[in-house]
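K.L.:
Take 53 as the starting number for the sequence shown in our numbering and just add one per residue.
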Amino acid sequence: MSARDPLASGNRTPVSITRPTVVVPEHQVTQDEIVTALGELFADVPHVGRGLDLIRSTTVETRRMAVELKELIAGRSFGVRNATYTEEVVRLGAEAARRALADAGVAAADVDHFVFVSCTGYALPGPDAYIAQEIGCRPTVRRTPIQQLGCAAGVSAVAEAFHFLQARPDATALVVAAELCSLSFQPDESTLSDFISNGIFGDGAAAAVLRRAAPEAAGLQILGARQHLLPDSHSVIAGSTTERGFHFRTDPRVRRTVPKVIPEIESFLAEFGWKPDSLGFCVSHTGGPLIMDGVEEGLSLPPGTLRHSRESMARIGNTSSVSVFDVLRRHHEDGPPADGSPGLMVAFGPGFTTEMIAGTWNSGTGV
Numbered sequence: 053m054s055a056r057d058p059l060a061s062g063n064r065t066p067v068s069i070t071r072p073t074v075v076v077p078e079h080q081v082t083q084d085e086i087v088t089a090l091g092e093l094f095a096d097v098p099h100v101g102r103g104l105d106l107i108r109s110t111t112v113e114t115r116r117m118a119v120e121l122k123e124l125i126a127g128r129s130f131g132v133r134n135a136t137y138t139e140e141v142v143r144l145g146a147e148a149a150r151r152a153l154a155d156a157g158v159a160a161a162d163v164d165h166f167v168f169v170s171c172t173g174y175a176l177p178g179p180d181a182y183i184a185q186e187i188g189c190r191p192t193v194r195r196t197p198i199q200q201l202g203c204a205a206g207v208s209a210v211a212e213a214f215h216f217l218q219a220r221p222d223a224t225a226l227v228v229a230a231e232l233c234s235l236s237f238q239p240d241e242s243t244l245s246d247f248i249s250n251g252i253f254g255d256g257a258a259a260a261v262l263r264r265a266a267p268e269a270a271g272l273q274i275l276g277a278r279q280h281l282l283p284d285s286h287s288v289i290a291g292s293t294t295e296r297g298f299h300f301r302t303d304p305r306v307r308r309t310v311p312k313v314i315p316e317i318e319s320f321l322a323e324f325g326w327k328p329d330s331l332g333f334c335v336s337h338t339g340g341p342l343i344m345d346g347v348e349e350g351l352s353l354p355p356g357t358l359r360h361s362r363e364s365m366a367r368i369g370n371t372s373s374v375s376v377f378d379v380l381r382r383h384h385e386d387g388p389p390a391d392g393s394p395g396l397m398v399a400f401g402p403g404f405t406t407e408m409i410a411g412t413w414n415s416g417t418g419v
């Protein structure tokens, strides 16, 4: 038994996660439109040219936003933006949940554990309370809201559901992630870090159902999870809240931080008798080209292993906690991994927090 994980490999109950459903707002914006709008807004900023070049280098092509670009650029108060968050995050999250439950053939009243993650707004009661009632969960459903894990939180939600199902293997868990990153835009902030943030983040919601693994359940079957907090790294991925709202800050040190946690990922894989070169797939969050390069190069993965992550980044940007669900969805829909192949789900967030999930791919052809 591992001293780092109280669940020995032989004592884990494999858990399946359904193909995630992803819902995005109706307002689509191209990266060229972003460049034009910010070029005009920050025309008097000395480093505007460098900032726009950074946006162009993100590989993002299109994104979806909760409000129109013109309205976003004009600037609104924190209160108005947060009110939009409260309304839209419930609408999008509930829609994603309904679709996920329908696809899984599960009634909302049969959900035993509902895990909700978001870091781009604030509400009390939290959006999970509204969504649970909106979709028809029973009053005794166990709700677990997670707010401050950023991009890592999508994997955190899946891990939380996995651990719940170890104690109650006959239960059903629902995970929902909903992020409205665009509402954090502040027209008075124009550092190079702000240009990067304005160039990568998008809005959306996702949901999936988790249950004890069955032969007919196609997709990722989870065998274990681990969370790692890198010492003395709190400022690498961080944000602050002022009277103007939440301000996310990107730090170029992130490119040097991902390699520091590669040994931890390798150690986690070793619990299952795997090495990085034995992986058949990798569901990596879409933090940015440098983060995806860091994962691919650090684990010596074959070129193209993260193609679904890169495609998600291009099509909807970095949607924070939602991103891993969109990447997993793309694994289902475009050349699924080979049956039985081992895989890794990984994401990074504030802290510097690394969330890891190990599992195998099931083709769903079993009976």
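Cβ atoms here follow ideal geometry from the backbone N, Cα and C, with glycine treated the same way. Since the model is a prediction, treat every value here as computed from it, not as a measurement.
Could you give the distance in angstroms between the alpha-carbon of Arg-359 and the alpha-carbon of Thr-111?
P.N.:
Rounded to whole angstroms, Arg-359 to Thr-111 spans 12 Å at the Cα level.
K.L.:
Which of helix, strand or coil does DSSP assign to Ile-409?
P.N.:
Note: Ile-409 maps to strand in three-state DSSP.
K.L.:
So Gly-297 packs on Ser-372, CB below 8 Å; how close in whole Å?
P.N.:
That pair is no contact at about 16 Å.
K.L.:
Report the start-end ranges of each beta strand (DSSP E) in the stretch 284-310 that is 3 residues or longer and not cut off at the edges.
P.N.:
Here the runs fully enclosed are 289-294 and 297-302.
K.L.:
By the DSSP assignment, the beta strand (DSSP E) with Asp-255 in it spans what residues?
P.N.:
Start and end: 255-264.
K.L.:
Indicate the three-state DSSP secondary structure (helix, strand or coil) for Cys-334 in the structure shown.
P.N.:
Of the three classes helix, strand and coil, the one that applies to Cys-334 here is strand, per DSSP.
K.L.:
Is the distance from the Cβ of Arg-195 to the Cβ of Ala-184 below 8 Å?
P.N.:
Contact flag set, yes.
K.L.:
Going by CA-CA distance only, name the one from Phe-247, Asp-84 and Pro-354 that's closest to Cys-334.
P.N.:
Of the candidates Phe-247, Asp-84 and Pro-354, the one whose C-alpha sits nearest the C-alpha of Cys-334 is Pro-354.
K.L.:
Using a 10 Å radius around the Cβ and a threshold of 16 neighbouring Cβ atoms, would you call Ala-55 buried or exposed?
P.N.:
Residue placement at Ala-55 is poorly supported in this model, since its pLDDT is 41, which falls under 50; the coordinates are not used for a value here.
K.L.:
Could you tell me which uninterrupted beta strand (DSSP E) segments, each at least 3 residues in length, are contained entirely in the stretch 323-410, listed from first to last along the chain?
P.N.:
Those beta strand (DSSP E) runs which fall completely within the stretch 323-410 and span 3+ residues are 333-336 and 394-401.
K.L.:
What separation, rounded to the nearest whole angstrom, lies between the Cα atoms of Gly-173 and Thr-405?
P.N.:
Each residue's Cα considered, the two are about 20 Å apart.
K.L.:
Quick one: what's Pro-191 bridged to in DSSP?
P.N.:
DSSP, once it has assigned bridges, lists no residue as partnering Pro-191.
K.L.:
Would a C-beta distance cut-off of 8 Å place Ile-289 and Val-310 closer than the cut-off?
P.N.:
No; because the gap between Cβ atoms is not below 8 Å, this pair is not in contact.
K.L.:
Have a look at Leu-217 and Val-67 and give me their C-alpha separation to the nearest angstrom.
P.N.:
So the two alpha carbons sit approximately 8 Å from each other.
K.L.:
Where do the N-terminal and C-terminal ends of the alpha helix (DSSP H) with Phe-130 fall, by residue?
P.N.:
130-156 is the extent of the alpha helix (DSSP H) around Phe-130.
K.L.:
Apart from the five residues on each side of it in sequence, which residues of its chain come closer than 7 Å, Cβ to Cβ, to Ala-149?
P.N.:
Within the same chain, Ala-149 has close Cβ partners Ile-183, Ile-187, Leu-226, Val-228 and Ala-259.
K.L.:
Is it the case that the stretch 361-380 contacts the stretch 112-127, given that we only count it when at least three CB pairs across the two stretches are under 8 Å?
P.N.:
Verdict: yes, contact present.
K.L.:
What residue does the beta strand (DSSP E) around His-215 start on, and which one ends it?
P.N.:
That residue, His-215, is in no beta strand (DSSP E); its alpha helix (DSSP H) goes 205-219.
K.L.:
If you draw a straight line from the C-alpha of Thr-302 to the C-alpha of Gly-339, how long is it?
P.N.:
Their Cα atoms are separated by approximately 10 Å.
K.L.:
Suppose you measure from the CA of Leu-14 to the CA of Lys-312; what does that come to, to the nearest Å?
P.N.:
No answer is possible for residue 14: it lies beyond the span of the chain, which begins at 53 and ends at 419.
K.L.:
Decide if the stretch 96-105 is in contact with the stretch 268-276; the criterion is three or more beta carbon pairs, one per stretch, under 8 Å apart.
P.N.:
The stretch 96-105 vs the stretch 268-276: no contact.
K.L.:
Excluding five sequence neighbours on each side, which residues of the same chain lie with their C-beta closer than 6 Å to the C-beta of Asn-63?
P.N.:
Cβ neighbours of Asn-63 beyond the five flanking positions: none.
K.L.:
Using C-beta distances below 6 Å, list every residue in its chain close to Gly-403, excluding the 5 sequence neighbours before and after it, in chain order.
P.N.:
These residues qualify, in order along the chain: Leu-281.
K.L.:
Mind checking which residues open and close the beta strand (DSSP E) that includes Gln-80?
P.N.:
Its beta strand (DSSP E) spans residues 79-82.
K.L.:
What's the gap between the Cα of Phe-430 and the Cα of Glu-407?
P.N.:
This structure cannot speak to residue 430, because the chain is shown only from 53 to 419.
K.L.:
Opposite Gly-173 in the DSSP bridges: which residues?
P.N.:
According to DSSP, which records beta bridges pairwise, Gly-173 is partnered with nothing at all.
K.L.:
Can you give me the Cβ contacts of Pro-328 inside the same chain, cut-off strictly under 7 Å, excluding the 5 residues immediately before and after it?
P.N.:
Same-chain partners within the cutoff: Glu-318, Leu-321, Leu-351, Ser-352 and Leu-353.
K.L.:
If you measure between the beta carbons of Gly-256 and Gly-401, is that distance less than 8 Å?
P.N.:
For Gly-256 and Gly-401, no; Cβs fall outside 8 Å.
K.L.:
Does DSSP put Leu-168 in a helix, a strand or coil?
P.N.:
A small fix is needed here, since residue 168 is Phe in this sequence, not Leu. Phe-168 falls in the strand class under three-state DSSP.
K.L.:
Report the rounded CA-to-CA distance for Tyr-137 versus Ser-364, giving the unit in angstroms.
P.N.:
Distance between the alpha carbons of Tyr-137 and Ser-364: 23 Å.
K.L.:
List the DSSP bridge partners of Pro-280.
P.N.:
The sequence given here places His at residue 280; Pro does not occur at that position. Thr-406.
K.L.:
Using a Cβ-Cβ cutoff of less than 6 Å, which residues in the same chain neighbour Pro-341 once the five nearest sequence positions on both sides are dropped?
P.N.:
Cβ within range, chain order: Thr-111.
K.L.:
What whole-angstrom Cβ distance do Pro-221 and Arg-264 have, given they're in contact under 8 Å?
P.N.:
About 5 Å; that satisfies the 8 Å criterion.
K.L.:
Looking only at its own chain, which residues have a Cβ that is under 7 Å from the Cβ of Leu-124, when we skip the five neighbours before and after it?
P.N.:
So the qualifying residues of the chain are Met-117, Ser-234 and Phe-237.
K.L.:
Give the straight-line distance between the Cα atoms of Asp-57 and Asp-240, rounded to the nearest whole angstrom.
P.N.:
Note that Asp-57 scores a pLDDT of 47, beneath 50, so its modelled location is shaky and nothing firm can be said.
K.L.:
Applying the criterion that 16 or more other CB atoms from any shown protein chain within 10 Å of the CB defines a buried residue, is His-165 buried or exposed?
P.N.:
Looking at its Cβ environment, which holds 16 or more other Cβ atoms inside 10 Å, His-165 is buried.
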